[in-house]
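Participant: Pasting a structure here, questions to come.
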Amino acid sequence: MVIKKFIAATEQEATEMAKAELGSDVTIMNVKENVPHGIFRLFKKKTVEVTAAVDDLKKEELKETIPDFSKLQQAIQEKNYSAPDSINSVRKQQKEELAKNNQVIIEDLSSDSEEEKNISENEIEEKLNTLQDLLEKQIQVSKEEKKEEKEAVINKNQAYIEIIRKQLIENEVEPVYVDQIMDDIQGTLAANSTLDTILASVYQKIVLKIGKPHLIDLKTKRTKYIFFIGPTGVGKTTTIAKIASIMKLTRKSKVALITSDTYRIAAVEQLKTYANILDIPLKVVYTADEMEPLKEELRDLDLVLVDTAGRSHNNEEQRSDIEKLLNTVPEEDREIFLVLSATTKYRDLVKISDAYSEIVKYNLIFTKLDETDTLGNIFNIRMLTGAPLSYATWGQNVPGDIGKIDAQKIAKQLLGGNS
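FYI, the numbering for the sequence shown is 2 to 420, going by our numbering.
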């Protein structure tokens with residue numbers, strides 16, 4: 002499988018470029034519109050990026066389409082997967098010995114000497130039995146040779162898989178999920194596959210497991226309530242400000258903010274500052290009972306973003322308070338996002354996600370991607386919870402430093418490729 006991107010003014014032009022380079026049987030895997038940003042965006046045109054895939058390209062073309070995995074390939078160069086000299090030597094010796102014995106028996110049976118003419122039937126039968134034994138040994142040696150060759154191919158593929166497995170574990174992907182990926186692809190690999198082919202298979206499998214991001218949907222005509230839950234210090238308030246800015250300035254949506262985080266005065270003041278800048282209403286609630294009159298007041302808006310207090314996932318009473326707040330809005334009118342930090346230890350992420358899973362279904366937002374070099378935890382929690390990945394943030398800039406989860410970028414980084 003070869004994966005390559007093509008950029009053009011329109012989707013049709015990009016698709017034609019893909020067909021011209023990769024062939025008419027190319028498969029379009031993804032289409033993305035690139036919108037210019039910045040103060041010069043009025044002078045730039047939109048472009049369309051098409052991700053295409055095709056099988057059976059030349060090795061040189063294949064290398065151009067797969068992310069740069071040079072670090073992994075260096076480990077391969079030191080390996081020698083040819084059959085050991087000792088095996089070849091023993092095999093050669095067996096063949097020479099069998100050939101010599103066969104020649105002796107054939108000469109004995111075809112001799113015109115007087116002694117052979119008088120040979121007894123028992124002796125002839127004995128020699129024929131010996132010949133049969135040698136032929137059976139030859140057949141056995143041939144079977145063993147084929148078995149050794151097959152095992153050598155399997156061992157070569159396995160060596161590549163082990164190197165890729167080590168790379169994923171170094172990026173903190175849990176071994177149980179690494180093994181699942183490797184088990185999935187092994188049945189699809191051809192004999193004597195190249196490293197590029199195996200990498201492409203693993204890459205595609207990771208992208209499929211991550212899936213498409215789940216983003217906020219404003220197609221409904223009813224007011225949509227978006228609740229942000231999660232532990233203290235992960236960046237919920239800043240994330241809410243970023244999303245509110247995008248929805249107000251880019252989507253032109255009518256937005257309001259609600260905060261129940263009255264435990265931290267700084268959090269209320271921070272949201273109030275953003276609300277004033279964006280010219281949108283901010284409401285403060287102290288109990289779940291105060292939500293009902295607010296819903297009537299905000300019924301004409303498109304979107305209401307609710308900042309909840311950062312509570313301990315170990316405190317059942319605090320989790321109960323959050324559950325009551327969430328239940329003030331019917332399921333069809335709400336979405337819930339669990340905000341987690343990419344820098345949190347996996348063991349703690351498991352406890353947090355499990356605790357919130359007991360009270361509600363949620364989507365996942367990961368923050369602080371700029372503070373870590375490994376993204377394994379994002380993949381781990383996606384696999385553990387099955388919850389859709391949504392947004393990621395990587396800084397304090399508002400409304401910048403936020404974007405939808407990119408499965409292809411995560412897969413490349415996990416495999417040590419260029420992002």
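Think of the CB as a built atom: it goes at the ideal place given N, C-alpha and C, for glycine as much as any other residue.
If the criterion is Cβ atoms closer than 7 Å, does the pair residue 289 and residue 326 meet it?
Facilitator: yes
Participant: Looking only at DSSP bridge pairs, what is residue 335 linked to?
Facilitator: 226
Participant: Starting from residue 415 and walking both ways along the alpha helix (DSSP H), at which residues does that stretch end?
Facilitator: 408 to 415
Participant: Need the endpoints of the alpha helix (DSSP H) that residue 248 sits in, please.
Facilitator: Note, residue 248: premise wrong, no alpha helix (DSSP H); not H, not E.
Participant: Just to confirm the assignment, what range does the beta strand (DSSP E) spanning residue 289 have?
Facilitator: That residue, residue 289, is in no beta strand (DSSP E); it is neither H nor E in DSSP.
Participant: With DSSP run on the structure shown, which of helix, strand or coil describes residue 401?
Facilitator: coil
Participant: When you compare the CB positions of residue 27 and residue 53, do they come within less than 7 Å of one another, or not?
Facilitator: Yes, they are a contact pair.
Participant: Quick check on residue 192: does DSSP put it in helix, strand or coil?
Facilitator: coil
Participant: Taking all protein chains shown into account, do 16 or more other C-beta atoms lie within 10 angstroms of the C-beta of residue 82, making it buried, or fewer, making it exposed?
Facilitator: At residue 82, the pLDDT of 45 sits below 50, so the modelled position is not reliable; the number obtained from the coordinates is stated separately. Counting Cβ neighbours within 10 Å, residue 82 comes out exposed, since fewer than 16 surround it.
Participant: Quick check on this structure: which residue in 14, 247, 161, 208 has the alpha carbon closest to the alpha carbon of residue 187?
Facilitator: The candidate whose alpha carbon is nearest that of residue 187 is 161.
Participant: Whole angstroms are fine: how far does the CA of residue 18 sit from the CA of residue 353?
Facilitator: Approximately 47 Å between the Cα atoms of the pair.
Participant: To the nearest angstrom, how far is it from the Cα of residue 229 to the Cα of residue 169?
Facilitator: 30 Å
Participant: Under 8 Å: do the stretch 185 to 201 and the stretch 357 to 372 share three or more Cβ pairs, one atom per stretch?
Facilitator: no
Participant: Given 8 Å as the limit, is there contact between the stretch 171 to 186 and the stretch 373 to 386, that is, 3 or more CB pairs closer than that?
Facilitator: yes
Participant: Smallest Cα separation from residue 34: which of 25, 7, 389, 22?
Facilitator: Looking from the CA of residue 34, the closest CA among 25, 7, 389, 22 belongs to 7.
Participant: Consult DSSP for residue 359 and reduce its assignment to one of helix, strand or coil.
Facilitator: coil
Participant: Between the Cα of residue 32 and the Cα atoms of 21, 370, 24, 48, which residue gives the shortest distance?
Facilitator: 48
Participant: Rounded to whole angstroms, how far is the Cβ of residue 392 from the Cβ of residue 366, which I believe are closer than 8 Å?
Facilitator: 5 Å
Participant: Based on Cα-Cα distance, which residue from 390, 20, 399, 252 lies nearest to residue 405?
Facilitator: 390
Participant: Pull the bridge partners of residue 4 from the DSSP assignment, please.
Facilitator: 54
Participant: Cα separation between residue 330 and residue 225?
Facilitator: 9 Å
Participant: Are the CB atoms of residue 51 and residue 3 within a distance shorter than 7 Å?
Facilitator: no
Participant: Take residue 324 and list the residues in its own chain whose beta-carbon comes closer than 6 Å to its own, dropping the five residues that flank it on each side.
Facilitator: Annotation for residue 324: 360 place their beta carbon closer than 6 Å to its own, counting only its chain and skipping 5 residues before and after.
Participant: Would you grab the beta carbon distance between residue 386 and residue 368 for me? Rounded to a whole angstrom, and I think it's under 8 Å.
Facilitator: With a Cβ gap of about 17 Å, residue 386 and residue 368 do not count as contacting.
Participant: Helix, strand or coil for residue 163, going by three-state DSSP, please let me know.
Facilitator: Assigned with DSSP and collapsed to three states, residue 163 falls in helix.
Participant: Quick one: what's residue 34 bridged to in DSSP?
Facilitator: 49
Participant: Measure the alpha-carbon distance for residue 309 versus residue 320 and round it to whole angstroms.
Facilitator: 11 Å
Participant: State the start and end residues of the unbroken alpha helix (DSSP H) segment that holds residue 10.
Facilitator: Unbroken run through residue 10: none, as it is neither H nor E.
Participant: I need the boundaries of the alpha helix (DSSP H) containing residue 423, first residue and last residue.
Facilitator: Given a span of 2 to 420 for the chain in the structure shown, any question on residue 423 remains unanswerable.
Participant: Could you tell me the distance, in whole angstroms, from the CA atom of residue 388 to the CA atom of residue 262?
Facilitator: 25 Å
Participant: Could you have a look at residue 206 and say whether DSSP puts it in helix, strand or coil?
Facilitator: helix
Participant: For residue 408, which residues in the same chain have their Cβ closer than 6 Å to its Cβ, ignoring the five residues on either side in sequence?
Facilitator: 208, 211
Participant: Consult DSSP for residue 326 and reduce its assignment to one of helix, strand or coil.
Facilitator: helix
Participant: With distance defined between alpha-carbon atoms, name the residue in 278, 272, 277, 254 nearest to residue 307.
Facilitator: 272
Participant: Tell me the rounded alpha-carbon separation between residue 292 and residue 303.
Facilitator: 17 Å
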